[in-house]
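Chemist: Dropping the structure in here first, questions after.
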Amino acid sequence: MSESATGTIHDIGYQRYTGARLGRSYSVRSLYAYSLRTVFGLGRGPKSKIFPFSLAGILLVIAVVVAAVKARFNVAIPPLDYANFPGTLSFLLMLFVATAAPELASRDLRNKVLPLYFSRPIGRDDYVLAKLAALVTGVFLILAVPELVMFLGGAFSAGSASGIWGQFTDLVPGLVVSAIFALVLSAVALLVSSLSSRRAIAAGAVVALFLVTEPINGVLAAIGTGATRELAGLTSITGILEGLRTWLFAGSELDIGSYGPAYAAAAVVLVGLCTALLIVRYRKVAS
Amino acid sequence: MSARTTVAPASGPRLFNPTIAGITLRGLLGRRRSLLLIPLPLVLIALSLLVRTGNVPTKDALQVVVTGLGVAVILPLTALIIGTSVLGSEIDDGTIVHILAKPVARREIVLTKYLIAAVVSGLVAGVSLLIAGTIVASVSVGVGFAVAGLIGAFVYSALFVLASLVIRRAVLVGLAYILLWEGLLGNVLDGTKVLSVQKYVSEFAATFSGSSLVHGPMSLILAIVMSAVLTVGALLIAVDRLRSFSMAGETS
């Protein structure tokens with residue numbers, strides 16, 4: 122019966138889309154928001170939430186304990202005050218980026234969904250920057266929230282306006298240091314993760330990179346004298362971060378001499394280089 | 020891999036299967052990701068040469084480089100990457116089904132894969148510890164650390180092979196154990212040494228090197244007993260887990 126084609130094209134109501142086209146900035150924002158949720162495992166099963174939330178929880182508990190000790194016994198814990206908090210607990214941060222970065226980068230490579238992204242009004246560079254921004258935000262959040270808790274604890278027990286102001290001037294360096302840690306750790310971790318499509322391998326590689334460079338710094342600081350000693354921190358990622366923190370806000374036993382700006386330059390170069398390499402990597406990646 | 024051995028009908032309990040060993044070894048070393056294992060020992064050896072040229076007391080150099088980097092970082096990371104991938108990558112790929120469907124005892128599969136993981140990571144870590152210890156101190160110290168590293172690889176591998184069977188995100192759990200338990204808590208709470216493979220290895224290194232430059236953190240007997248208990252226990256549970264293994268979904 123189907124032979125009796127008359128050539129009629131029936132109008133079954135096809136229509137052009139005439140609504141608003143939300144465009145590139147909207148899709149970048151969506152990707153950012155989606156990636157930020159991915160960092161914490163939101164929108165996925167409970168197993169994906171275990172790691173990010175337990176790490177964030179540990180940081181928060183430590184902050185609560187510090188705030189309580191400070192309020193109750195009026196004892197400050199120098200390694201865990203605002204500006205030193207990220208550095209002292211950097212192991213937790215490494216683990217957090219090693220969990221989150223492969224989730225953002227490796228999973229898309231593994232499932233070969235990049236062609237779907239790049240067929241949208243989203244550019245390759247946009248993709249990289251949105252993912253990086255999401256990771257940076259995630260790491261900053263797990264640091265900033267505990268710092269705010271410590272601030273609230275300090276402010277409520279301060280009792281006077283000048284005490285609260287004092288807490289506030291201590292909080293600001295803490296937030297600045299947190300932002301720097303978030304930027305550097307995220308850029309490095311995302312770059313490493315973008316090289317492997319297997320999350321497990323990527324996570325191992327991220328932690329290996331952080332851990333293996335650390336003793337180089339220690340050895341150089343031990344055997345070197347003068348400038349070698351003061352520049353030793355430049356050989357490891359955590360060393361650069363610690364050096365930069367020391368230069369900005371003082372108060373650590375780390376000896377960086379007058380080379381503070383070198384540490385700042387190293388951090389800027391590191392973030393810039395990693396971002397540039399990420400962009401290059403995603404221009405080449407098959408899709 | 021040359022001669023392809025056919026699996027003979029099992030006569031009595033077999034513990035090692037050369038075919039599975041060959042496949043595992045090829046899967047481990049025949050891929051690009053095995054290159055990941057090269058930089059770690061190189062950094063250790065380069066650092067050893069560096070402290071040798073500087074005027075660092077040998078005791079401190081051993082503490083920072085050989086124990087701090089070799090025993091505390093390179094040994095567990097190598098064992099983790101290898102130990103979780105001998106079975107873990109086959110579970111991820113789904114190819115484990117092909118082995119499970121063969122008339123091969125589960126015990127044989129687990130033990131063969133464990134042996135490959137332990138020997139390969141033991142060789143990588145042991146050789147780099149041998150070279151580092153020899154450069155920094157003396158041959159006897161190097162041998163002491165190498166033997167300790169080899170034993171450590173057998174303990175770590177048992178734990179990580181078990182982890183890859185029980186937990187879906189075994190690498191992350193392993194990293195958390197290395198970073199938080201052995202790294203962060205190990206330096207703060209002395210009591211954690213009873214359950215820290217890193218401390219057993221340090222103790223073995225102190226014993227085997229016979230040098231006063233290396234001091235052990237705990238009693239030797241305790242280290243031996245705990246290593247044996249953890250290794251045997253982990254392997255028994257691993258065999259049991261693989262016996263009742265069911266393929267889970269790919270998500271999460």
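As they're listed, the protein sequences go chains A and B. Take this note's numbering: the final residue in the first sequence is number 408, and no numbers are missing along the way. Take this note's numbering: the final residue in the second sequence is number 271, and no numbers are missing along the way. Where a beta carbon is used, it is the ideal one built from N, C-alpha and C, also for glycine.
(1) Can you pull out the residues from the segment 166-182 of chain A whose beta carbon lies closer than 7 Å to at least one beta carbon of chain B?
(2) State the Cα-Cα distance for the pair residue 271(B) and residue 169(A), rounded to the nearest angstrom.
(3) Compile a chain-ordered list of the residues in the segment 329-340 of chain A whose CB is closer than 7 Å to at least one CB of chain B.
(4) How about residue 132(B): is its Cβ closer than 7 Å to a heavy atom in the ligand COA?
(5) By the criterion of Cβ-Cβ separation under 7 Å, what are the contact partners of residue 103(B) in chain A?
(6) Are there 16 or more other CB atoms within 10 angstroms of the CB of residue 247(A), so buried, or fewer, so exposed?
(7) Determine, using beta carbons only, whether residue 220(A) and residue 173(A) come nearer to each other than 8 Å.
(8) Alpha helix (DSSP H) containing residue 363(A): first to last residue?
(9) What does a CB cutoff of less than 8 Å around residue 253(A) pick up in its chain, not counting 5 residues either side in sequence?
(10) Under 8 Å by Cβ, that's how I've got residue 270(A) and residue 303(A) pegged, so tell me the actual separation to the nearest angstrom.
(11) Between residue 135(B) and chain A, is any beta-carbon pair separated by less than 8 Å?
(12) Spatial neighbours of residue 181(A) within its chain, please: CB distance less than 6 Å, with the 5 preceding and 5 following residues excluded, ordered by chain position.
(13) Note down, in chain order, every chain B residue with its Cβ under 9 Å from the Cβ of residue 212(A).
(14) Taking a contact to mean a Cβ-Cβ separation below 8 Å, would you say residue 11(B) touches residue 205(B) in this structure?
(15) First and last residue of the alpha helix (DSSP H) that includes residue 487(A)?
(16) Could you spell out the range, first to last residue, of the alpha helix (DSSP H) harbouring residue 58(B)?
(17) Suppose you measure from the CA of residue 165(B) to the CA of residue 130(B); what does that come to, to the nearest Å?
(18) Along the chain, where does the alpha helix (DSSP H) that runs through residue 121(B) open and close?
(19) For residue 197(B), which of 142(B), 90(B), 66(B), 70(B) has the nearest alpha-carbon?
(20) What's the gap between the Cα of residue 246(B) and the Cα of residue 191(A)?
(21) Is DSSP giving residue 338(A) helix, strand or coil here?
(22) How many Å lie between residue 206(A) and residue 54(B) at the Cα?
(23) With 8 Å set as the bound, which would you pick, yes or no: does the beta-carbon of residue 232(B) sit closer than that to a beta-carbon of chain A?
(24) Does chain A have any CB closer than 8 Å to the CB of residue 100(B)?
(25) Could you tell me which of 239(A), 187(A), 364(A), 163(A) sits nearest to residue 405(A), measuring between CA atoms?
(26) Excluding sequence positions up to five away, which residues of its chain have a Cβ less than 8 Å from the Cβ of residue 260(B)?
Modeler: Taking the structure as given:
(1) 166, 168, 169, 172
(2) By one-based count along the second sequence, residue 271(B) stands at place 252. By one-based count along the first sequence, residue 169(A) stands at place 48. Because the pLDDT at residue 271(B) is just 42, under 50, the model does not fix this residue reliably, and the point stays unresolved.
(3) 329, 332, 333, 336, 337, 339, 340
(4) The ligand COA is not among the ligands present in this structure, which contains no ligands whatsoever.
(5) Here residue 103(B) is taken as the residue at index 84 of the second sequence, counted from 1. Neighbours of residue 103(B) on chain A, chain order: 321.
(6) In the first sequence, the residue the question calls residue 247(A) occupies position 126. Under this definition residue 247(A) is a buried residue.
(7) To locate residue 220(A), count along the first sequence from 1; it is residue 99. To locate residue 173(A), count along the first sequence from 1; it is residue 52. The answer is yes: Cβ separation under 8 Å.
(8) Position 242 of the first sequence, counting from 1, holds the residue named residue 363(A). Here the alpha helix (DSSP H) through residue 363(A) covers 358-370.
(9) On the first sequence, residue 253(A) is found 132 positions in, with the first residue counted as 1. Cβ neighbours of residue 253(A) beyond the five flanking positions: 307, 308, 311, 396, 399.
(10) Taking the first residue of the first sequence as 1, we reach residue 270(A) at position 149. Taking the first residue of the first sequence as 1, we reach residue 303(A) at position 182. Not confirmed; about 17 Å, so no contact.
(11) For the purposes of this step, residue 135(B) is identified with residue 116 of the second sequence, where counting begins at 1. No - not a single Cβ of chain A is within 8 Å of the one on residue 135(B).
(12) On the first sequence, position 60 is the one that residue 181(A) refers to. Correct list, in chain order: 267.
(13) Mapped onto the first sequence, residue 212(A) falls at position 91. Neighbours of residue 212(A) on chain B, chain order: 198, 199, 202, 203.
(14) The question about residue 11(B) has no answer here: the residues shown for chain B are numbered 20 through 271.
(15) Residue 487(A) lies beyond the stretch modelled for chain A, which goes from 122 to 408, so this question has no answer here.
(16) For the purposes of this step, residue 58(B) is taken as residue 39 along the second sequence, with counting starting at 1. Counting along the chain, the alpha helix (DSSP H) containing residue 58(B) begins and ends at 58-72.
(17) Walking along the second sequence from the start, residue 165(B) turns up at place 146. Walking along the second sequence from the start, residue 130(B) turns up at place 111. So the two alpha carbons sit approximately 23 Å from each other.
(18) Walking along the second sequence from the start, residue 121(B) turns up at place 102. Note, residue 121(B): premise wrong, no alpha helix (DSSP H); not H, not E.
(19) Here residue 197(B) refers to the residue found at position 178 of the second sequence. Of 142(B), 90(B), 66(B), 70(B), the residue nearest in Cα terms is 90(B).
(20) On the second sequence, residue 246(B) is found 227 positions in, with the first residue counted as 1. On the first sequence, residue 191(A) is found 70 positions in, with the first residue counted as 1. Going by the C-alpha atoms only, they are around 41 Å apart.
(21) Counting from one through the first sequence, the residue named residue 338(A) turns up at place 217. Helix at residue 338(A).
(22) Looking up residue 206(A) in the first sequence gives position 85. Looking up residue 54(B) in the second sequence gives position 35. Taking the straight line joining both Cα atoms gives about 35 Å.
(23) Against the second sequence, residue 232(B) aligns to sequence position 213. Closer than 8 Å: no.
(24) Locating residue 100(B) in the second sequence gives position 81, where the first residue counts as 1. Closer than 8 Å: yes.
(25) If you number the first sequence from 1, residue 405(A) lands on position 284. Closest option to residue 405(A), Cα to Cα, is 239(A).
(26) On the second sequence, residue 260(B) is found 241 positions in, with the first residue counted as 1. Once the five neighbours on either side are set aside, the close Cβ partners of residue 260(B) are 181, 184, 185.
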